[in-house]
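Student:
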DNA sequence: TTCTTACGTAAGCATTCGCTTACACTCCAA
DNA sequence: TTGGAGTGTAAGCGAATGCTTACGTAAGAA
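Protein chains in written order, with the numbering used here: chain G, 1 to 104; chain L, 1001 to 1104.
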C-alpha cells in the first residue's frame, strides 16, 4: 500500500506537483499552467495518481478543485522509508547528518 | 539523476534486495534464493538496476560477486527527499515524530 | 583440459506508464 | 436557459518495465 505512494513520487513531474501544492493550495488549472510542455489532461491524470496515493487532498470550491499536499501521508511515507532503509530512525539520522557535514 | 534512485526503490522486489544487502554482504545467488517466485535472471537484472542507481556496491570474490548496500548513496537519497518534501530537515523531523507519537 | 558453479546479458513478450485527443460533466454568469 | 470556464475520464498509442528462456563468460575443481 506504501508501494503506490513510492511509485507516485518516483515521477519527476509528480514531485514537482507535490512541491507546488506544498507551497500553497492550488486549483488544477494553475498547476497545469506550470507545465508548458505537457497537456492539462496529463496533469489531471498525475493528480489522479497522487490522489489515489493519498499524497494530496482535494477541496471543491464552486467550479474548481483546490489541491494541497497531504502532510500526514508524506510523514507516514517518510517513516516507512526510515524504517525500511536502516531499521531505525537514529542510525539514519546520524548517517544523513554525517553526509550533510561532509558536504559543507 | 536522483530520479534513477527513486525509480529503483519504487519496486518492492528491489527494496527487499536492499534490505537483504543492508543486513549483510551477499553473493547474487544467495540473494536470488530468497525469492522463490522469480528467476535468478530477474534478480540479476534488479541488481543491475540498483547498481546503476549506485545504491549497491559490488565486490568480486573469485567466481562470485558480493553485494552490499551503499549507505552513502542511501543517505544522499534521504537528504534529497528531506529537502524536497518540506524544504528543511527540522520541519520534517518534527512532522515524523508527531506522526509516530500519534501512532502510539 | 574439461566440467561445474556463479554470474551477466540478449531476445522476446505481456503489462504498465505517460502522453494526446476527444468527450462528458458541473458550476456559474449572462 | 444557454454558454463558457474548470475539470475528470475514455480510448488509443509508443515507450518503458519486469519477467522468462536461452546463451555467453570467467573462475576454480576434477
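Quick reminder that beta carbons are idealized off the backbone N, C-alpha and C, glycines included.
It should be emphasised that the depicted structure is a prediction, and the values quoted were computed from it without experimental measurement.
For residue 1040 of chain L and residue 1065 of chain L, I'd like the C-alpha separation in whole angstroms.
Tutor: Answer to the nearest angstrom: the Cα atoms are 14 Å apart.
Student: If we ignore side chains and look at the alpha-carbon of each, how far apart do residue 99 of chain G and residue 1062 of chain L end up?
Tutor: Because residue 99 of chain G sits at a pLDDT of 47, beneath the cut-off of 50, its placement in the model cannot be relied upon, and the point is left open.
Student: Look at the alpha carbon of residue 1006 of chain L and the alpha carbon of residue 71 of chain G, and state the distance between them as a whole number of angstroms.
Tutor: Taking the straight line joining both Cα atoms gives about 20 Å.
Student: Under 8 Å between C-beta atoms, does residue 30 of chain G make it to chain L?
Tutor: Not closer than 8 Å to any Cβ of chain L, the Cβ of residue 30 of chain G fails to qualify, so no.
Student: Please check if any C-beta of chain L sits within less than 8 Å of the C-beta of residue 105 of chain G.
Tutor: Any property of residue 105 of chain G remains undetermined from this structure, which presents chain G solely from 1 to 104.
Student: Counting C-beta neighbours from all protein chains within 10 Å, is the total for residue 82 of chain G 16 or more, i.e. buried, or is it exposed?
Tutor: Classification of residue 82 of chain G: buried, given that the 10 Å Cβ count is 16 or more.
Student: Would you report the Cα separation of residue 95 of chain G and residue 1012 of chain L, rounded to the nearest angstrom?
Tutor: The pLDDT assigned to residue 95 of chain G is 49, lower than 50, so where the model puts this residue is not dependable; a value taken from the coordinates is nonetheless given after this. Residue 95 of chain G and residue 1012 of chain L: Cα-Cα distance of roughly 23 Å.
Student: Using the three-state DSSP reduction, which class does residue 1026 of chain L fall into: helix, strand or coil?
Tutor: In the structure shown, residue 1026 of chain L sits in a strand (DSSP, three-state: E or B).
Student: DSSP three-state call for residue 82 of chain G: helix, strand or coil?
Tutor: Residue state, collapsed to three classes: helix.
Student: Using 8 Å as the threshold, is the segment 21 to 37 of chain G in touch with the segment 1037 to 1052 of chain L, meaning 3 or more CB pairs across them?
Tutor: At 8 Å Cβ cutoff, the stretches do not touch.
Student: For residue 1068 of chain L, which of L:1017, L:1003, L:1004 and L:1001 has the nearest alpha-carbon?
Tutor: Comparing Cα positions, the closest option is L:1017.
Student: Quick one: list the residues of chain G neighbouring residue 1061 of chain L, beta-carbon separation under 9 Å, in chain order.
Tutor: None at all; the shortest Cβ gap to chain G is about 25 Å.
Student: What separation, rounded to the nearest whole angstrom, lies between the Cα atoms of residue 1001 of chain L and residue 32 of chain G?
Tutor: Approximately 24 Å between the Cα atoms of the pair.
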